[in-house]
Amino acid sequence: MPTSSYPEQAGYQAYLEVRQQPDQLVVTGHCRSTDARPAVLRYEFLLAKQGPSGTSRNLQSGNVEVGAGEHKLLSQTSLNATPADSYRIRLRLLTTQGVVLAEDSLVQIAAIRP
Numbered sequence: 003m004p005t006s007s008y009p010e011q012a013g014y015q016a017y018l019e020v021r022q023q024p025d026q027l028v029v030t031g032h033c034r035s036t037d038a039r040p041a042v043l044r045y046e047f048l049l050a051k052q053g054p055s056g057t058s059r060n061l062q063s064g065n066v067e068v069g070a071g072e073h074k075l076l077s078q079t080s081l082n083a084t085p086a087d088s089y090r091i092r093l094r095l096l097t098t099q100g101v102v103l104a105e106d107s108l109v110q111i112a113a114i115r116p
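For the sequence shown, position 3 (counting from the first letter as 1) is numbered 5 according to the numbering used here, and the numbering increases by one without interruption.
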């Protein structure tokens, strides 16, 4: 179910879809417009992971054209993830001037400490 920290802001939703596979996490960032006008938006997709195998960081960003009432897939990535890993994932939708319109995030704290 889509969530947003800015549900009333300009008619846009950002949401993360997460699929757990054995020792791997597949994360997809989505945008949904409920606005009646098309727009050009900027997105930022950040994934940071820390675990016994080390630290990694992945930042993807870009511009996307979103039509009235349209859904867009923004980014997809996968990472090796075990119960010993901690990770933070954040997706933000912004205007081209940098104003945040919508955001979704996921934080996982390691269940097993090394």
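For every residue, glycine included, the Cβ atom is placed at its ideal position computed from N, Cα and C. Predicted model, so just to flag it, every value in this text is computed and none were measured.
Spatially closest choice to residue i from the options, by CA coordinates
i	options	result
S106	G69, L49 and G71	According to the sequence as given, residue 106 is Asp; it is not Ser. Closest by alpha carbon: L49.
S58	L43, Y89, P40 and A38	Y89
V28	T79, Y17, V109 and I91	T79
I70	R21, L108 and V42	The question names Ile, but residue 70 is Ala in the sequence shown. Answer by Cα proximity: V42.
D25	G13, N65 and G53	G53
Three-state secondary structure assigned by DSSP to residue i
i	result
Q99	coil
S88	strand
P9	Residue placement at P9 is flagged as unreliable, the pLDDT there being 43, under the threshold of 50; a coordinate-derived value is accordingly withheld.
E105	strand
Span of the beta strand (DSSP E), counted from its first residue to its last, around residue i
i	result
E72	First-last for E72: undefined, no H or E at that position.
S35	Q26 to S35
A50	A41 to G53
A16	Y14 to Q23
Residue environment, residue i, which counts as buried when at least 16 other CB atoms sit within 10 Å
i	result
E19	exposed
L103	buried
I91	buried
Three or more beta-carbon pairs under 8 Å between the stretch 27-39 and the stretch 64-78, yes or no?
-> yes
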